[in-house]
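As numbered in the working numbering, residues 300 to 454 make up the sequence shown, in order.
Note that the Cβ used here is the ideal one computed from N, Cα and C, for glycine as well.
If you're wondering where the values come from, they're calculated on a predicted model, not measured in any experiment.
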Amino acid sequence: MKNDLKLKNVFITGGAGYVGAVLVPKLLNAGYRVKVLDLYIYGEHVLDSVKDHPHLKQVKGDIRDRELLERELPGSDAVIHLACISNDPSYELNPELAKSINYDAFLDIVDVSKKSGVKRFTFASSSSVYGVREVTEVTEDMSLEPLTDYSKYKA
């Protein structure tokens, strides 16, 4: 994301997860104000390196809580949606829960983002949306061929 004054307030779902743990400090160091919404299932220590940063607000909560989204999303210029039950094995442990997080909650996040005037929405996907290929390089211009429910909801 280009450091643009028009997009200074970034709301990140799943900001204390695998990708968020790297992304959040980079955005803060680039001058963005960042609000993280996460369940912190990996622990609240994940963002310890930036926890006292004056432009970071951490919100412990569930992306399926629409009232929470309506309370926390306004004022955001951009949303980066990282929150999900990731990878096929995790998804298959509880498909109903995974669908509610990976698909159903997405609809509310998009709706509340639109109503809140968010200017940019970024959805993190997965290479699994391209299926199994006999090529050495997978690129974003390839056709989608998701094979599992997890990859279908990421497509």
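Residue i versus residue j: straight-line alpha-carbon distance, rounded
i      : j      : result
LYS307 : SER442 : 34 angstroms
LEU346 : ASP387 : 26 angstroms
ALA397 : TYR390 : 6 angstroms
ILE362 : VAL437 : 30 angstroms
GLU444 : ASP351 : 43 angstroms
SER399 : PRO353 : 33 angstroms
GLN357 : LEU322 : 14 angstroms
GLY319 : ARG370 : 21 angstroms
LEU392 : ASN401 : 14 angstroms
VAL335 : VAL349 : 12 angstroms
ARG419 : PRO324 : 20 angstroms
LEU406 : GLU439 : 23 angstroms
TYR339 : VAL434 : 37 angstroms
TYR449 : GLY342 : 24 angstroms
ASP337 : ARG432 : 33 angstroms
ALA315 : CYS383 : 12 angstroms
Terminal residues of the beta strand (DSSP E) in which residue i lies
i      : result
ARG419 : 419 to 422
ARG370 : ARG370 -> not in any beta strand (DSSP E); alpha helix (DSSP H) instead, spanning 365 to 371.
ASP337 : 332 to 337
VAL434 : From DSSP, VAL434 is part of no beta strand (DSSP E); its letter is neither H nor E.
8 angstroms contact criterion, which residue i and residue j should meet: CB distance rounded
i      : j      : result
LEU368 : ILE408 : 6 angstroms
Residues of its chain near residue i, where Cβ-Cβ distance is below 6 angstroms and the 5 sequence neighbours each way are ignored
i      : result
THR447 : ASP387
GLY430 : GLU444, LEU446
ALA404 : ILE362, ARG363
Bounding residues of the alpha helix (DSSP H) (the contiguous stretch that carries residue i)
i      : result
LEU396 : 394 to 398
LYS307 : From DSSP, LYS307 is part of no alpha helix (DSSP H); its letter is neither H nor E.
ASP428 : This sequence places Val at residue 428; Asp is not what is there. Where VAL428 is concerned, there is no enclosing alpha helix (DSSP H), given that its DSSP letter is neither H nor E.
Close-in-space but distant-in-sequence residues of the same chain around residue i (CB under 8 angstroms, 5 per side omitted)
i      : result
VAL417 : PHE310, LEU372, SER375, ASP376, ALA377, VAL378
LEU327 : VAL333, VAL349, HIS352, HIS354, LEU355
Residues near residue i by beta carbon distance below 7 angstroms, same chain, minus five either side
i      : result
SER415 : LEU372, PRO373, SER375
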